[in-house]
Amino acid sequence: METVIQQTLNGLSIGSIYALIAVGYSLIYSILQFSNFAHGSFLIAGAYAGFFAMAGTSLPFLVVMAMALVFSGGVAIMTERFAYRPIRMRGSKALYFIIASLGVSIFAENLVIVTIGPQFRTYPQILAVRALDLGGISVGILDMVAAGVAVTFLLILNFVVTRTKTGMAIRAASFDLPAAGLMGVNVNRVIAIVFFIAGLLAGVSGILLGMKYTVYPQLGYLTIKAFVAAIFGGLGSLPGAILGSLCLGVIETFTAAFISSTLRDLIVFTTLIVILLVRPSGILGRYVEEKV
Amino acid sequence: MSPYHQGILTLISINVTAVLGVSLLTGFTGLFSFGHAGFMSVGAYTAAILTVRQGLPFFISLPLAGAAAAIVSLIMYPTLKLKGDYFAIAALGFGEAFRLIVENGGKFTGGARGFPGMPHYTTLWVALFVTALACLLMRNTILSRFGRSFMAIREDRLAAEALGIDVVRYQMLALAISAFYAGVGGGMFAFYMQYIQPIMFDIAKSTELAASVVFGGLGSLTGSVVAAVILTAIPEVFRPLAQWRMVFYGLALVLTIVIRPQGLLGFYEISLGGLRSLVKRPRREAGA
């Protein structure tokens, strides 16, 4: 019984990190209606910026983190500005966005390999990698901190989206982008803000993953799991992305703990396929049919 | 010709064969796939196992490799109802799932360590012959009634359906044919490398295939072929810049989409007749 609870907690912790990625990915999807495969690049940007800021400066921890997050958000804005906006202005199909995002992700990953190097890097140890003992259940401090940070950022995002004027503009844009533009929403600005938020959240997850494991150029591959989570919960739905991520995190840790850790990723992709076949709109999503 | 140059040309031929398949699916039918490396791996492992373990001749196991990939592609039938992004992501899931199954295949596939022991059957002449045959067959497919149906689906799914085209059936056909090509490409690849490993068929490989089609231009067979040749040869030409080549590759992909979304030769084919008329009346505008 203890192992089950322990694995559930571990799963929720990794799931909450996935949620940060999946929410940003879903947010971009809900506005531009395409799958941003460059999302992993934002994560890498945050993870490396955090690493170098922490290893190379003696500034306070929170200042350093804030700088890293502004950097990953900035990378996301630049990506939109130089890769997606020209395509958007031409009104091209989603296919072109997907290919451009693939190009960005290949570019970013290999730029990191060439300039920084392909090796694994370990974050300077800030939090003790200890486990707390809660009556027979041991939970890593880092796991709890990660979950706490993720929940905090998601609550802030929820506040921004539901309570602020910018949030209203984002919701309007996700409902109907051209109509929001006609109603006086500055579409370019809203999209830039959405990319900034998505990049920032991916950056947070990058730093958390870096602290939990290590930083390496292929870290962005993890975002594929966040796509699965987003589809699981329903593409374009933010609560869905969170729910899907938590489910996926638990499925993953349970597979690793009770079946086999080598089958973990296979289970993830099988889940993806099964969901797409049974319920393409996910748990909380709506599947938009083509209008005639 | 030095063995080194022969090797490059062989590799180019193999990639051209696999890219032709993706070109049919993405460029002519409008389905975007990130999973074709998975079909290549099915082909590569089928050919390797049939020839090395069962002792079948290479020229029999090669078409069987394509057939195996085509049969495996039937699993994706239900996903054809999904549109755009959803299909692309489903294909990605399938591609990765194939790779992970091979990786977990134990003694049967050699697992992550790979499958050795293929004789060097894919010589330059074999590769050129198979590729030429593949080009010819694909050209005929595109020009046939099937080809026109595929293009109708790409242009407007609903209109195609209204014209009586069974959209999902034709998409399945395009997918199976393209998987066949990828499988044959994979089979040739196995007997060129003489050693295969699951990691050779990861997302990067799928992306490379899709990128060739986009770079060459959607809806252009010759464009895809030219792009496959260029994108395979460039890394070899720029050996000294080996580290940077993937950086430029990504950049080129983005720039192509931003500056020239139709690719090198989108919806345009190079043909001998076209070249001849180009020589005869070089300045004449089309349609004048």
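So the protein sequences, as listed, match chains A and B. Everything in the first sequence is counted per the working numbering, starting at 73 for the first residue and increasing by one. Everything in the second sequence is counted per the working numbering, starting at 740 for the first residue and increasing by one. Just so it is clear, CB atoms sit at the ideal spot from N, CA and C, and this is done for glycine as well.
Could you check whether the Cβ of residue i sits closer than 8 Å to any Cβ belonging to chain B?
i: glycine 175 of chain A; result: yes
i: alanine 91 of chain A; result: no
i: phenylalanine 179 of chain A; result: yes
i: asparagine 260 of chain A; result: no
i: asparagine 230 of chain A; result: no
i: glycine 96 of chain A; result: no
i: valine 186 of chain A; result: yes
i: phenylalanine 341 of chain A; result: yes
i: phenylalanine 299 of chain A; result: yes
i: alanine 166 of chain A; result: yes
i: serine 102 of chain A; result: no
i: glutamine 265 of chain A; result: In the sequence on display, residue 265 of chain A carries isoleucine and not glutamine. For isoleucine 265 of chain A, the answer is no, since every Cβ of chain B falls outside 8 Å of its Cβ.
i: threonine 334 of chain A; result: yes
i: proline 158 of chain A; result: yes
i: phenylalanine 106 of chain A; result: yes
i: isoleucine 269 of chain A; result: no
i: threonine 75 of chain A; result: no
i: isoleucine 366 of chain A; result: Because residue 366 of chain A is not part of the residues shown, which for chain A are 73 to 364, the question remains open.
i: alanine 155 of chain A; result: yes
i: proline 352 of chain A; result: yes
i: valine 364 of chain A; result: For valine 364 of chain A, the predicted structure reports a pLDDT of 43, less than 50, and the residue's modelled location is therefore unreliable. A value from the coordinates is still provided. At least one chain B Cβ lies under 8 Å of valine 364 of chain A.
i: isoleucine 428 of chain A; result: Outside the shown range of chain A, which is 73 to 364, sits residue 428 of chain A, and nothing can be said about it.
i: alanine 328 of chain A; result: no
i: alanine 117 of chain A; result: no
i: leucine 183 of chain A; result: yes
i: leucine 338 of chain A; result: yes
In its own chain, which residues sit with a C-beta less than 6 Å from the C-beta of residue i, not counting the 5 before and 5 after it?
i: methionine 283 of chain A; result: Tyr195
i: phenylalanine 133 of chain A; result: none
i: isoleucine 86 of chain A; result: Gly321
i: valine 232 of chain A; result: Gly239
i: alanine 328 of chain A; result: Arg336
Drop a sphere of 10 angstroms on the beta-carbon of residue i, count the other beta-carbons inside from all chains shown, and report buried for 16 or more, exposed for fewer.
i: tyrosine 220 of chain A; result: Reading the sequence as shown, one finds glycine at residue 220 of chain A and not tyrosine. That one is exposed.
i: tyrosine 97 of chain A; result: buried
i: arginine 838 of chain B; result: buried
i: threonine 785 of chain B; result: buried
i: glycine 256 of chain A; result: exposed
i: glutamine 197 of chain A; result: exposed
i: aspartate 248 of chain A; result: exposed
i: leucine 206 of chain A; result: exposed
i: methionine 73 of chain A; result: exposed
i: glutamate 894 of chain B; result: exposed
Counting contacts by CB-CB distance shorter than 8 Å, is residue i in contact with chain A?
i: threonine 768 of chain B; result: no
i: aspartate 905 of chain B; result: no
i: glutamine 1001 of chain B; result: no
i: alanine 827 of chain B; result: yes
i: aspartate 895 of chain B; result: no
i: proline 937 of chain B; result: no
i: methionine 927 of chain B; result: no
i: leucine 902 of chain B; result: no
i: valine 976 of chain B; result: no
i: alanine 836 of chain B; result: yes
i: threonine 818 of chain B; result: yes
What residues in its chain sit with their C-beta under 8 Å from that of residue i, if we drop five residues either side in the sequence?
i: glycine 1026 of chain B; result: Model confidence at glycine 1026 of chain B stands at a pLDDT of 45, short of 50, so the residue's coordinates are unreliable; what they give is reported in the following sentence. So the list is empty, once near-sequence residues are dropped.
i: glutamine 78 of chain A; result: Ile209, Ser210 and Val211
i: glutamine 933 of chain B; result: Pro855, Gly856, Met857, Pro858 and His859
i: alanine 806 of chain B; result: Phe919 and Gly922
i: isoleucine 188 of chain A; result: Tyr120 and Pro289
Check each candidate in the options and name the one with the smallest Cα separation from residue i.
i: serine 107 of chain A; options: A/Thr327, A/Gly306 and A/Leu349; result: A/Gly306
i: threonine 334 of chain A; options: B/Gly845, B/Phe833 and B/Tyr816; result: B/Gly845
i: threonine 75 of chain A; options: A/Phe330, A/His111 and A/Leu229; result: A/Phe330
i: tyrosine 743 of chain B; options: B/Ala808, B/Leu795, B/Leu863 and B/Gly849; result: B/Leu863
i: arginine 896 of chain B; options: B/Leu821, B/Thr848, B/Phe928 and B/Leu970; result: B/Leu821
i: alanine 901 of chain B; options: B/Ser888, B/Ala913 and B/Ile969; result: B/Ser888
i: phenylalanine 268 of chain A; options: A/Leu229, A/Leu344 and A/Ala252; result: A/Leu229
i: leucine 831 of chain B; options: A/Lys297, A/Val350 and A/Ala264; result: A/Lys297
Excluding sequence positions up to five away, which residues of its chain have a Cβ less than 7 Å from the Cβ of residue i?
i: isoleucine 170 of chain A; result: Phe106, Ser107 and Phe109
i: arginine 202 of chain A; result: Ile213
i: lysine 910 of chain B; result: Lysine is not the amino acid found at residue 910 of chain B; the sequence shown has glutamine there. Thr768, Leu770, Leu819 and Ile892, listed in sequence order.
Segment contact, 8 Å Cβ cut-off, at least three pairs: the segment 169-186 of chain A with the segment 302-320 of chain A | no
Examine the Cβ distances between the segment 794-803 of chain B and the segment 994-1004 of chain B and report whether three or more of them are shorter than 8 Å.
-> no
Pairing CB atoms from the segment 773-782 of chain B with CB atoms from the segment 915-925 of chain B, are three or more of them under 8 Å?
-> yes
Inspect the CB distances between the segment 266-283 of chain A and the segment 214-233 of chain A and report whether three or more fall short of 8 Å.
-> yes
Say whether the segment 808-816 of chain B touches the segment 976-984 of chain B, bearing in mind that this needs 3 or more beta-carbon pairs closer than 8 Å, one atom from each stretch.
-> In this structure the segment 808-816 of chain B does not touch the segment 976-984 of chain B; the number of beta carbon pairs closer than 8 Å is below three.
Please determine if the segment 752-766 of chain B and the segment 336-343 of chain A are in contact, where contact requires at least 3 C-beta pairs separated by less than 8 Å.
-> no
Stretch-stretch touch, CB-based, cutoff 8 Å, three pairs: the segment 781-793 of chain B with the segment 318-333 of chain A | no
Would you check if the segment 744-761 of chain B and the segment 896-909 of chain B touch, i.e. whether three or more CB-CB distances between them fall below 8 Å?
-> no
How about the segment 86-93 of chain A and the segment 269-276 of chain A: do they share at least three Cβ pairs that are nearer than 8 Å?
-> yes
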